[in-house]
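Report on the structure given below.
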Amino acid sequence: MTRISSRQFRRILLLIVLGLFARPLAGRSQTPGLIKEVLGDGIYLFRAPSALDLWTATNVVVIVNDRDVTVFDSFTRAGTARLAIAEIRKITDKPVRTLINSHWHQDHWSGNAEFVKAFPGIAIVATTGSRDYMKRMPARFFAASLGRSVAASRAALDTAVRTGKQADGTSFTAEARRTMEKDLDETAAFEGEVRALPRVLPNMAFRDTLILWSGSREMRIFSVTGDATASAVLYLPAEKLLVTGDALVAQESGEGPPPWTTTSYAITPWLQSLRAFEALDVTTIVPGQGVAFHDKAYLRLTIELYAAIIDQVHAALERGVDGLDAVLAAVDVDAIGRKYRPTAELAPAFKAWVGALAKRVYQESLDGLAR
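Here the sequence shown is numbered in my numbering, starting from 21 and rising by one per residue.
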């Protein structure tokens, strides 16, 4: 079994993350730490590699309108939000008047305070459901996960020092010790940073659909189910651009199957959301993490994957397969998984991902029952 470092743990705090770091991509300019892509006239994607934001490789989309700027999501760390604000000011002297938070997970709204400081009077928009979750999810909810990671890493380090072996049985070298100590120190510092982050709630909320106009630009925001319920996505019909937040999740590199599932068991509604995306007239899709897609191929393959898992779990239950383990054993979507990277071996983590999603489908199918 592969040893999981605290650095990797930060990326699986909620679900399963495959720990891939962003790599330089031709044709994309880079500010210090941020990757910037031009998506259209006045539309920019700022990508924060996980090595910078320390949580996930979160995406922020910036839309420069006739008289103002609209921003979608605000990163995990205050410092990363400040980098984005500085980059916006290089692009335009127009103020940011609207900030949209896609959902309540910390890596998508922890930079709100920096935007409020930089642009007083800014409207922060989210669904009413997301705002309610934000109110109930104090910083310690996330910091506690980091605290558990720190404790586990410290115990693993103590054991390795005592035994001379790592958790996977390999020799505990001086280099391995330096890596573990660095991860431990970094995670402990990040825990403190998360606890201290000001938590600025949205000041504008909607339930189903909200349409904004800035000059001639129409921006449609609507509520969907993704890796969090009551998520907001942004659709620009004239530009044929869809910004999904984590309603569509992708690897940081853009390659391979989705990197995580969800903590909820609203999987069928998530599939319905993905199918609604497919029905839109779009040529560019920006997921919550990873590169922008310029066709619907990834979206369609992900729809196929989710639908197959749901169908196989339902079929197993309906023919009398009893118990979670037996149902999970009946699910086989490896053939679909291989379609994401036909020339590469299917990563072992894919089965763990399938198992996690199938478990949620199992719970959903039995109205929350897990047995």
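Just so it is clear, CB atoms sit at the ideal spot from N, CA and C, and this is done for glycine as well.
Quantities reported herein were computed from a predicted structural model and do not represent experimental measurements.
(1) Sort 373, 354 and 372 by Cα distance to residue 364 and report the nearest one.
(2) Give the list of continuous alpha helix (DSSP H) stretches no shorter than 4 residues that lie fully inside the stretch 140-191.
(3) State buried or exposed for residue 310, treating a residue as buried only when at least 16 other CB atoms are found within 10 Å of its CB.
(4) Can you tell which of 356, 338 and 333 has the C-alpha that lies nearest to the C-alpha of residue 345?
(5) Identify, in the order they occur along the chain, each residue of the same chain with its Cβ nearer than 6 Å to the Cβ of residue 48, setting aside the five sequence neighbours on each side.
(6) Classify residue 80: buried if its beta carbon has 16 or more other beta carbons within 10 angstroms, exposed otherwise.
(7) Can you list, in chain order, the residues of its chain with a C-beta nearer than 7 Å to that of residue 385? Leave out the 5 residues immediately preceding and following it.
(8) Count the CB pairs spanning the stretch 99-112 and the stretch 245-258 that are closer than 8 Å, and state whether there are at least three.
(9) Answer with buried or exposed for residue 84, where buried requires no fewer than 16 other C-beta atoms within 10 angstroms of its C-beta.
(10) Can you tell me which residues form a DSSP beta bridge with residue 83?
(11) Just to confirm my understanding: we take residue 251, look at its own chain, exclude 5 residues before and 5 after, and list those with CB closer than 6 Å. What are they?
(12) Alpha carbon to alpha carbon, how far is residue 139 from residue 128?
(13) What would DSSP say about residue 309, mapped onto helix, strand or coil?
(14) Please determine, among 193, 235, 173 and 233, the residue with the shortest C-alpha to C-alpha distance to residue 205.
(15) Using a Cβ-Cβ cutoff of less than 8 Å, which residues in the same chain neighbour residue 291 once the five nearest sequence positions on both sides are dropped?
(16) Is residue 112 near residue 93, with beta carbons less than 8 Å apart?
(17) Nearest by alpha-carbon distance to residue 82: which of 166, 226, 116 and 102 is it?
(18) Go ahead and pull the three-state DSSP assignment for residue 206.
(19) Quick one, which of 89, 229 and 86 has its alpha-carbon nearest residue 147's?
(20) Run through the DSSP bridge pairs and tell me what residue 263 is partnered with.
(21) What residue from 151, 73, 197 and 95 has the CA that sits closest to residue 181's CA?
(22) Can you give the Cα-Cα distance for residue 237 and residue 227, rounded to whole angstroms?
(23) When you compare only the Cα positions, how much space is there between residue 231 and residue 171?
(24) Taking C-alpha atoms, which residue in 339, 374 and 369 lies nearest to residue 351?
(25) Mind checking whether residue 200 and residue 177 have CB atoms under 8 Å apart?
(26) Can you tell which of 64, 88 and 141 has its C-alpha closest to the C-alpha of residue 104?
In short, the structure shows the following:
(1) Restricting attention to 373, 354 and 372, the CA atom closest to the CA of residue 364 is found in 354.
(2) Those alpha helix (DSSP H) runs which fall completely within the stretch 140-191 and span 4+ residues are 148-156 and 159-183.
(3) Answer is buried; the Cβ neighbour count reaches 16.
(4) Here the closest residue by C-alpha is 333.
(5) Note on residue 48: pLDDT 40, under 50, position unreliable in the model; the coordinate value appears next. Closer than 6 Å at Cβ, skipping near neighbours: 55 and 57.
(6) So residue 80 ends up on the buried side.
(7) If we look at residue 385 and ignore the five residues flanking it on each side, its Cβ neighbours are 333, 334 and 337.
(8) In this structure the stretch 99-112 does not touch the stretch 245-258; the number of beta carbon pairs closer than 8 Å is below three.
(9) Label assigned to residue 84: buried.
(10) Per the DSSP secondary-structure output, residue 83 pairs in a beta bridge with 63 and 90.
(11) Closer than 6 Å at Cβ, skipping near neighbours: 122, 123, 244, 265 and 267.
(12) Between residue 139 and residue 128, the alpha-carbon positions lie close to 18 Å from each other.
(13) The answer is strand: DSSP assigns residue 309 an E or B state.
(14) Checked all of 193, 235, 173 and 233; the closest Cα to residue 205 is 173.
(15) Here the set comprises 323, 326, 327 and 330.
(16) In this structure, residue 93 does not lie closer than 8 Å to residue 112 by Cβ.
(17) For residue 82, the nearest C-alpha among the options comes from 116.
(18) Note: residue 206 maps to helix in three-state DSSP.
(19) The residue with the shortest Cα to Cα distance from residue 147 is 229.
(20) Among the bridge pairs identified by DSSP, residue 263 is matched with 254 and 306.
(21) Taking only the C-alpha atoms, the option nearest residue 181 is 197.
(22) Rounded to whole angstroms, residue 237 to residue 227 spans 22 Å at the Cα level.
(23) Between the alpha carbons of residue 231 and residue 171 lies a distance of about 46 Å.
(24) When only C-alpha atoms are compared, the closest one is 374.
(25) For the 8 Å CB-CB criterion, residue 200 and residue 177 form a contact.
(26) Closest option to residue 104, Cα to Cα, is 64.
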